[in-house]
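Numbering (the working numbering), first residue to last: 102 to 333.
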Ligand code: CA
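1) Of all the options 271, 255, 163, 122, which has the alpha carbon lying nearest to the alpha carbon of residue 235?
2) From residue 175 to residue 150, what does the alpha carbon distance come to, in whole angstroms?
3) When every heavy atom of ligand 1 is checked, does at least one fall within less than 8 Å of the C-beta of residue 161?
4) Going by beta carbon distance, what residues of the same chain come within less than 6 Å of residue 102, once the five residues before and after it are set aside?
5) Quick test of your reading: residue 182 and residue 147, contact by CB under 8 Å. State the CB separation rounded to the nearest angstrom.
6) Between which two residues does the alpha helix (DSSP H) holding residue 140 run?
7) If the criterion is Cβ atoms closer than 9 Å, does the pair residue 284 and residue 296 meet it?
8) Going by C-alpha to C-alpha distance, which of 305, 220, 275, 320 sits closest to residue 257?
9) Please list, in chain order, all residues of the same chain as residue 144 whose beta carbon is under 8 Å from its beta carbon, the five residues on each side excluded.
10) Enumerate in chain order the residues of its own chain whose CB-to-CB distance from residue 220 is below 7 Å, with the five nearest sequence positions on each side excluded.
11) At what residues does the alpha helix (DSSP H) containing residue 299 begin and finish?
12) Need the endpoints of the alpha helix (DSSP H) that residue 119 sits in, please.
13) Need the endpoints of the alpha helix (DSSP H) that residue 262 sits in, please.
14) Please classify residue 268: is it buried, with 16 or more other beta-carbons within 10 angstroms of its beta-carbon, or exposed?
15) Go ahead and pull the three-state DSSP assignment for residue 326.
16) Looking at the structure shown, is residue 167 part of a helix, part of a strand, or coil, going by DSSP?
17) In the DSSP assignment, what residue or residues form a beta bridge with residue 335?
18) Return the residue from the list 204, 177, 107, 317 that minimises the CA-CA distance to residue 277.
19) Within 10 angstroms of the Cβ of residue 159, are there 16 or more other Cβ atoms? Answer buried if so, exposed if not.
20) By how many angstroms is the C-alpha of residue 136 removed from the C-alpha of residue 128?
21) Could you give the DSSP three-state label for residue 107: helix, strand or coil?
22) On a Cα-Cα basis, can you pick out the residue from 120, 119, 130 that is closest to residue 108?
23) What did DSSP end up calling residue 277 once you bin it into helix, strand or coil?
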């Protein structure tokens, strides 16, 4: 990241008050901000403005946020922070595979939004890349160099944060990690955040990996990767 050039954030939100409030906060924090109320226009702006991150409202008048995110994911790993109106929406999102990096429920504290944007951008440049290092669990293989996930011969396409979360769990297999620990390690929050983001990503991983998923829920605490495939 070049310190002298402000990074561009694209804000996609049809509620004028929220869009201007979020934009003002981001500008105050040194970002260049583009905004639109339209999902279709958002896709055009992603191409023309090359933003570093997209803040994307779930409910938009034309293309909804899930569809916009899915289309962005078809061609890039551009970070997406999804805004939702209710906690319930996270349950719906969890069943879909849009591949957002993070989720924030309205109403939110703008300072928290900016902190998450900063964390996502920082993490984007320091993902695990250990020289060809791989982690495996039965037929499941993660390759940090190519950032690919395979189950046997089949490649499973994971969103960036899904890969990072699975890597973190497998790298500490057998150990329980709390949601706050996972937020800090995978998303880079240094404060207790909205831990539902972790749950949404775990559900998406389980759906994609099916029987190959190593993830075990430890009620009231967090998650762990099973120590061995047989134990899962
Ligand atoms: Ca909306």
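No residue lacks a Cβ here, since even glycine has one placed at the ideal position from N, Cα and C. From a predicted model like this one, the values you see are computed outputs, not experimental measurements.
Taking the geometry as given:
1) 271
2) 18 Å
3) yes
4) Only weak support exists for where residue 102 lies, its pLDDT of 48 falling under 50; the value from the coordinates is given anyway. Contacts found: none.
5) Rounded, the Cβ-Cβ distance is 14 Å, inconsistent with contact.
6) 140 to 150
7) yes
8) 305
9) 164, 169, 172, 173
10) 288, 289, 290
11) 297 to 310
12) 117 to 129
13) 261 to 272
14) buried
15) strand
16) helix
17) Because residue 335 is not part of the residues shown, which for the chain are 102 to 333, the question remains open.
18) 317
19) buried
20) 12 Å
21) coil
22) 130
23) coil
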